[in-house]
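Undergrad: First the structure, then my questions, so here it is.
In the numbering used here, the protein residues as written are 2 to 162.
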């Protein structure tokens, strides 16, 4: 009896398939990272965003006392209540009332003022032109308070000022 042994053919390498799997894995990792980052920023700024939204509502409603009450110690140190009421009284007639959402938001954990969340808004102006608003909300002792706000005729970035 004779036995013949033939070596098996080497398996075909599917380079294209391997590249596709690696590319898909990298893409999935990037998507997961972006989603995680968005969820982190939303979670980290949630309470701050509520304070910012209250400030926007106070400005739209010409409620300078409410805007001042939302301010923290750093805000109150540089902005007396009468001045805040005057500024809010100037801005209120320029903007329409209504619910708005931030156009941009960022959280800055390492600033000389501690943790600061920045929100930018585009408010509908009564003249038909948009009014841009930037709020900075500071965390001190576990509570979020207004650090500053300002308006302009042009968009803002989300850098801490």
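Using N, Cα and C, we set each Cβ at its ideal position, and we do this for glycine too.
1) Can you tell which of 69, 80, 119 and 81 has the C-alpha that lies nearest to the C-alpha of residue 47?
2) Roughly how many angstroms separate the alpha carbons of residue 159 and residue 106, rounded to a whole number?
3) Could you please give the first and the last residue of the uninterrupted alpha helix (DSSP H) stretch that includes residue 85?
4) Which value, in whole angstroms, describes the spacing of the CA atoms of residue 147 and residue 30?
5) Check the DSSP bridge columns for residue 51 and list the partner residues they point to.
6) For residue 150, which beta-bridge partners are listed by DSSP?
7) Is DSSP giving residue 58 helix, strand or coil here?
8) Could you tell me the alpha carbon to alpha carbon distance between residue 154 and residue 133, rounded to whole angstroms?
9) Taking residue 120 as part of the beta strand (DSSP E), name the residues at either end of that continuous run.
10) Does DSSP put residue 100 in a helix, in a strand, or in coil?
TA: Checking against the coordinates, here is how it stands:
1) Ranked by Cα distance from residue 47, the options 69, 80, 119 and 81 are led by 119.
2) Roughly 6 Å between the two C-alpha positions.
3) According to the DSSP assignment, residue 85 belongs to the alpha helix (DSSP H) that extends over 82-92.
4) Each residue's Cα considered, the two are about 36 Å apart.
5) Answer is none; residue 51 lacks a bridge partner.
6) Under the DSSP definition of a beta bridge, residue 150 partners with 136.
7) The DSSP-derived three-state label of residue 58 is helix.
8) Inter-residue distance for residue 154 and residue 133 is about 6 Å (C-alpha atoms, whole angstroms).
9) Where residue 120 is concerned, the enclosing beta strand (DSSP E) stretches over 115-124.
10) Here DSSP, grouped into helix, strand and coil, assigns residue 100 to coil.
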